[in-house]
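K.L.:
The structure's right below; bear with me while I get my questions together.
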Amino acid sequence: MNDEDSFINGHLNEMHKSKEDQARAKRRKLKCYIEFGGKLSRLADEIPSTKLRGPVIAKLFPDSKCLDPALRSNCKWLYEALNKPGHEAADILTVLNVESIFDLGSENPTVIRRRFLAAKA
């Protein structure tokens, strides 16, 4: 192996590691969205009024203000789809033909919901 081959192999290895790092980052991001959705779901059970719940969410999770409202809503939807029996999307894994929500390759609950609705149609 010459220097050029070593250089190429080194960069290929870095790209491979980078893809693995990206996959782990996507998984962490989706996990965070699902956990955030769980908090939103529990708060909705405790405080049914969205008007009263909004300030509580803003106080507990000030950085959530930077999230698109649809994304926040879909975090809750995804959590409930995965964890609440009887939810309208409780069959999400079956409909999307995956064993785990992490198998989809998307970290965005809005995209996942869109895929679910398209597959369900």
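Per the UniProt record's numbering, the sequence shown starts with residue 1, numbered consecutively. In this text, a Cβ means the ideal position worked out from N, Cα and C, and glycines have one as well.
Measuring CB to CB, does Val95 end up less than 8 Å from Phe116?
P.N.:
Cβ distance < 8 Å, so Val95 and Phe116 count as in contact.
K.L.:
If I'm right that Phe102 touches Leu40 with Cβ under 8 Å, what's the distance once you round it to whole angstroms?
P.N.:
In fact, because the Cβ distance is near 20 Å, the residues do not count as touching under 8 Å.
K.L.:
Cβ of Asn83 within 8 Å of Cβ of Thr110?
P.N.:
No, they are not a contact pair.
K.L.:
Can you give the Cα-Cα distance for Val46 and Asp21, rounded to whole angstroms?
P.N.:
Per the sequence shown, residue 46 should be read as Glu rather than Val. Looking at the two C-alpha atoms, the distance is approximately 37 Å.
K.L.:
Report all residues from its chain with a CB closer than 8 Å to the CB of Pro61; omit the five preceding and five following residues, and keep chain order.
P.N.:
Here residue 61 turns out to be Phe, not Pro, going by the sequence shown. Hits under 8 Å: Phe36, Lys39.
K.L.:
Excluding the 5 residues flanking Ala119 on each side, which residues of the same chain have their C-beta closer than 7 Å to its C-beta?
P.N.:
If we look at Ala119 and ignore the five residues flanking it on each side, its Cβ neighbours are Val95, Leu96.
K.L.:
Measuring straight from C-alpha to C-alpha, what distance separates Asp63 and Asp91?
P.N.:
Rounded to the nearest angstrom, the two C-alpha atoms are 31 Å apart.
K.L.:
Start and end of the alpha helix (DSSP H) containing Phe116?
P.N.:
109-120 is the span of the alpha helix (DSSP H), which, as asked, contains Phe116.
K.L.:
Ignore the nearest five residues each way along the sequence and tell me which others in Tyr33's own chain have a CB closer than 6 Å to its CB.
P.N.:
The answer, listed in chain order, is Cys75, Pro109.
K.L.:
Please return the same chain residues whose Cβ sits closer than 7 Å to the Cβ of Arg53, not counting the five positions on each side in sequence.
P.N.:
Leu43, Ala44, Ile47, listed in sequence order.
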